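One structure below.
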RNA sequence: UCCUGCUUAGCUCAGUCGGUAGAGCGGGUGGCUGUUAACCACUAGGUCGGCGGUUCAAGUCCGUCAGCAGGAGCCA
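Residue numbers (the numbering used here): 14 to 472.
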């Protein structure tokens, strides 16, 4: 195994003899000299390999196609031309894997839409190499942050028989024979199914996360999440990854503090570890991306109660497509106006009306609002949603009835309030949405290796 | 599910008022002593998404179906 391209390019001195392996990104011929750019995914930059007529089989090798897998040997020397510090003067090049004529990647820009149809070669393209390097770095940063803060990661179940999750349409999991469904009283008898009851793929690990928070104090989940909504937007996928920390002995202010530290930490990590990739996105994908990220890290996040946010919007004089009124949820145009135009920095909106939020959020003393928080950031809008959880069992039961839910279905969730229950809080962050924010990519399908969306599960 | 838009060469697109199908990139061939979105010349490459209609004549107008994308809703 030869050195990675990244290591070769970071060499301090010239090298009389090195081996480099990778895929041909592009070939240029000028007179008696041919330039091959070779990449292996380790960095946004390619290694320029230079060949002339002294190379054995030079005339054949001039025609090595884009995409070919090669092993190169030669001398690494300082490059006389601009564009790269080092280049490889070839003494030998071996083609390990050729390329058929219908190789779809060309040395030009393709539409992201076309790239989605060739997800098996898409990771070879520069933009996607950068996306998936950053995806890895961001993921590592998430684990590192929580580990350093003393959080325990919990692997909450992917298959759930709990119908208490109640956040959108769920995918059913079954081993029943679809052609011969067992029936009882005219309805499908899920008692005959694998788990003896209806089962689905999880839409959230939060409720199970609360169980562990009430044992380990600070925990987080980071796993796949599934929503069967027929959503056709750039921000929705049927399968995505979600991060959900949960902290016991913690109120909404503590929740906010963790969220702010967390976002700043993971963005800082990406800036430090993927600086070249961020430069690439800054140039080709989103102008001003680097400034956006660096100012997020510096900014002191604001906190505005929902009631005040509504008042601010009402007296802004701004014309909105959707109405602004106490009791209505904020539309993304409202969120963006607040964070981009009015405050010009990340902001938490807290204390939302109880009727537009979930049953488990802690009821405030005014009995009209709940201890919820959304973190809004410029150019994206909502990126985190969280709350302090209702720990008082009488109030929780009242909330369940208020939302027409049956307390018996939530027996273990209620037990947590009877067995050493204590104030606790948490939040959820869609990993791909964060990745979109950090890379500037505008479609969630382009930050997931193999995206699942309605009608699409080819790869 | 609703609304809007798109579908023309391998890819990205242009195609005017309805009148013989176009460019760039990519492929092939040749040229150029250092290129970096290389450049220059030549060349091959088309069921204009499917079906139906209007018309002397449809890529273009109308209807319909399909696929894709975006927006809304829902949310992460």
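Beta carbons are placed, not taken as given, at the ideal position from N, Cα and C, and that holds for glycine.
Remember, predicted model here, so these are calculated numbers, not experimental data.
So who's on the other strand from residue 8, going by DSSP bridges?
-> A question about residue 8 goes unanswered here, because the residues of the chain that appear run from 14 up to 472.
With residue 295 as the anchor, note down where its beta strand (DSSP E) starts and where it stops.
-> If you number the first chain from 1, residue 295 lands on position 282. Counting along the chain, residue 295 falls outside any beta strand (DSSP E), though it belongs to the alpha helix (DSSP H) covering 288-297.
Cβ-based burial, residue 439 [other Cβ within 10 Å; buried from 16] | As a working mapping, residue 439 is identified with position 426 in the first chain. Result: buried.
Residues near residue 331 in its chain [Cβ-Cβ closer than 7 Å; skip 5 each side] = In the first chain, counting from the first residue as 1, residue 331 sits at position 318. Contacts found: 350.
Taking the CB atoms as reference points, tell me whether residue 454 and residue 294 lie closer together than 9 Å.
-> Translated into positions along the first chain, residue 454 becomes position 441. Translated into positions along the first chain, residue 294 becomes position 281. Yes; because the gap between Cβ atoms is below 9 Å, this pair is in contact.
Do the segment 222-235 and the segment 252-259 touch if we need at least three Cβ pairs shorter than 8 Å?
-> Using a Cβ-Cβ distance cut-off of 8 Å, the segment 222-235 and the segment 252-259 are in contact, since at least three pairs of beta carbons, one from each stretch, lie closer than that value.
Out of curiosity, what's the CA-to-CA distance linking residue 79 and residue 382?
-> To locate residue 79, count along the first chain from 1; it is residue 66. To locate residue 382, count along the first chain from 1; it is residue 369. Per the coordinates, the alpha-carbon of residue 79 lies some 60 Å from the alpha-carbon of residue 382.
Boundaries of the beta strand (DSSP E) in which residue 397 is found, first to last residue | Along the first chain, one-based indexing puts residue 397 at 384. Looking at the DSSP string, the run of the beta strand (DSSP E) that includes residue 397 is 394-401.
Identity of the residue in 406, 391, 396 nearest residue 301 by Cα = On the first chain, position 288 is the one that residue 301 refers to. Selected option, being the one with the closest Cα: 391.
Do the CB positions of residue 464 and residue 252 come within less than 9 Å of each other?
-> Against the first chain, residue 464 aligns to sequence position 451. Against the first chain, residue 252 aligns to sequence position 239. In contact: residue 464 and residue 252 (Cβ atoms closer than 9 Å).
For residue 142, I'd like the list of residues in its chain whose CB is within less than 6 Å of its CB, leaving aside the five on either flank, ordered along the chain.
-> For the purposes of this step, residue 142 is identified with residue 129 of the first chain, where counting begins at 1. In the same chain as residue 142, and ignoring 5 residues on each side of it, the C-beta atoms closer than 6 Å to its own belong to 54, in chain order.
From 223, 443, 51, 17, pick the residue whose C-alpha is nearest to that of residue 401; which is it?
-> Working through the first chain from its first residue, we reach residue 401 at position 388. Ranking 223, 443, 51, 17 by Cα distance to residue 401 puts 223 first.
Run of the alpha helix (DSSP H) containing residue 382, from where it starts to where it stops | Residue numbering aside, residue 382 sits at position 369 when the first chain is read from its first letter. Residue 382 -> not in any alpha helix (DSSP H); beta strand (DSSP E) instead, spanning 382-390.
Are residue 83 and residue 107 closer than 9 Å when you measure CB to CB?
-> In the first chain, residue 83 corresponds to position 70, counting from 1. In the first chain, residue 107 corresponds to position 94, counting from 1. Going by C-beta atoms, residue 83 is nearer than 9 Å to residue 107.
Enumerate in chain order the residues of its own chain whose CB-to-CB distance from residue 205 is below 6 Å, with the five nearest sequence positions on each side excluded.
-> Residue 205 sits at position 192 when you count from the first residue of the first chain. 195, listed in sequence order.
Under 9 Å between C-beta atoms of residue 435 and residue 395 = Your numbering for residue 435 matches position 422 in the first chain. Your numbering for residue 395 matches position 382 in the first chain. The Cβ-Cβ distance between residue 435 and residue 395 does not fall below 9 Å.
Beta-carbon contacts of residue 521 that lie in its chain and below 7 Å, excluding the five residues immediately before and after | Absent from the model: residue 521. The displayed extent of the chain is 14 to 472, so no value can be given.
When we look at the beta-carbon of residue 339 and count the other beta-carbons within 10 Å, is it buried (16 or more) or exposed?
-> The residue given as residue 339 occupies position 326 in the first chain. Exposed, by the Cβ-count rule.
Mind checking whether residue 423 and residue 219 have CB atoms under 9 Å apart?
-> Position 410 of the first chain holds residue 423. Position 206 of the first chain holds residue 219. Residue 423 is not a Cβ neighbour of residue 219, given a cutoff of 9 Å.
Rounded to whole angstroms, what's the CA-CA distance from residue 457 to residue 445? Just pull it up for me.
-> Taking the first chain and counting its residues from 1, the one referred to as residue 457 is at position 444. Taking the first chain and counting its residues from 1, the one referred to as residue 445 is at position 432. It is roughly 6 Å from the alpha-carbon of residue 457 to the alpha-carbon of residue 445.
Might you give, ordered along the chain, the residues of its own chain that have their beta carbon closer than 7 Å to the beta carbon of residue 287, omitting 5 neighbours on each side?
-> By 1-based counting over the first chain, the position of residue 287 is 274. Excluding sequence neighbours, residue 287 sits near 146, 147, 150.
Could you spell out the range, first to last residue, of the alpha helix (DSSP H) harbouring residue 151?
-> In the first chain, counting from the first residue as 1, residue 151 sits at position 138. Unbroken alpha helix (DSSP H) run through residue 151: 139-161.
In chain order, what residues of the same chain lie with their CB nearer than 7 Å to the CB of residue 408, ignoring the 5 residues before and after it?
-> Here residue 408 corresponds to residue number 395 of the first chain, with the count starting at 1. So the qualifying residues of the chain are 376.
In its own chain, which residues sit with a C-beta less than 8 Å from the C-beta of residue 413, not counting the 5 before and 5 after it?
-> The residue you call residue 413 lines up with position 400 of the first chain. Excluding sequence neighbours, residue 413 sits near 372, 419, 420, 423.
CA nearest to the CA of residue 158, picked from 277, 116, 415, 119 = By 1-based counting over the first chain, the position of residue 158 is 145. That would be 277, whose Cα lies nearest to the Cα of residue 158.
Under 9 Å, do residue 406 and residue 367 count as touching if we go by C-beta distance?
-> What you label residue 406 is simply residue 393 of the first chain in a count that begins at 1. What you label residue 367 is simply residue 354 of the first chain in a count that begins at 1. If you check the CB distance, residue 406 and residue 367 do not come in under 9 Å.
Alpha carbon to alpha carbon, how far is residue 249 from residue 242? Give it in angstroms, no decimals.
-> For the purposes of this step, residue 242 is identified with residue 229 of the first chain, where counting begins at 1. For the purposes of this step, residue 249 is identified with residue 236 of the first chain, where counting begins at 1. The alpha-carbon atoms of residue 242 and residue 249 are separated by roughly 9 Å.
Residue from 341, 452, 47 with nearest C-alpha to residue 299 = Position 286 of the first chain, counted from the first residue, corresponds to residue 299. The shortest Cα separation from residue 299 among 341, 452, 47 belongs to 452.
In angstroms, rounded to a whole number, what distance separates the CA positions of residue 57 and residue 227?
-> If you number the first chain from 1, residue 57 lands on position 44. If you number the first chain from 1, residue 227 lands on position 214. Cα to Cα, the separation comes out at about 44 Å.
Please classify residue 302: does DSSP put it in a helix, a strand, or coil?
-> Stepping through the first chain from its first residue, residue 302 is reached at position 289. Looking at residue 302 - three-state DSSP - the assignment turns out to be helix.
Residue 291 classed as buried or exposed, judged by whether at least 16 other C-beta atoms fall within 10 angstroms | The residue you call residue 291 lines up with position 278 of the first chain. That one is buried.
Does the Cβ-Cβ distance between residue 104 and residue 466 come in under 9 Å?
-> Residue 104 sits at position 91 when you count from the first residue of the first chain. Residue 466 sits at position 453 when you count from the first residue of the first chain. Not in contact: residue 104 and residue 466 (Cβ atoms no closer than 9 Å).
For residue 253, name the three-state secondary structure that DSSP assigns.
-> Locating residue 253 in the first chain gives position 240, counting from the first residue. If DSSP states are grouped into helix, strand and coil, residue 253 belongs with the strands.
Measure the Cβ-Cβ separation of residue 47 and residue 75 and say whether it is below 9 Å.
-> Residue numbering aside, residue 47 sits at position 34 when the first chain is read from its first letter. Residue numbering aside, residue 75 sits at position 62 when the first chain is read from its first letter. Closer than 9 Å, so yes.
Could you name the residues of the same chain whose beta carbon sits closer than 7 Å to that of residue 125, not counting the 5 residues immediately before and after it, in chain order?
-> Counting from 1 along the first chain, the entry for residue 125 is found at position 112. So the list reads 456, 459, once near-sequence residues are dropped.
Closest residue to residue 73 among 59, 40, 61, 361 (Cα-Cα distance) = By 1-based counting over the first chain, the position of residue 73 is 60. Scanning 59, 40, 61, 361 for the CA closest to the CA of residue 73 turns up 40.
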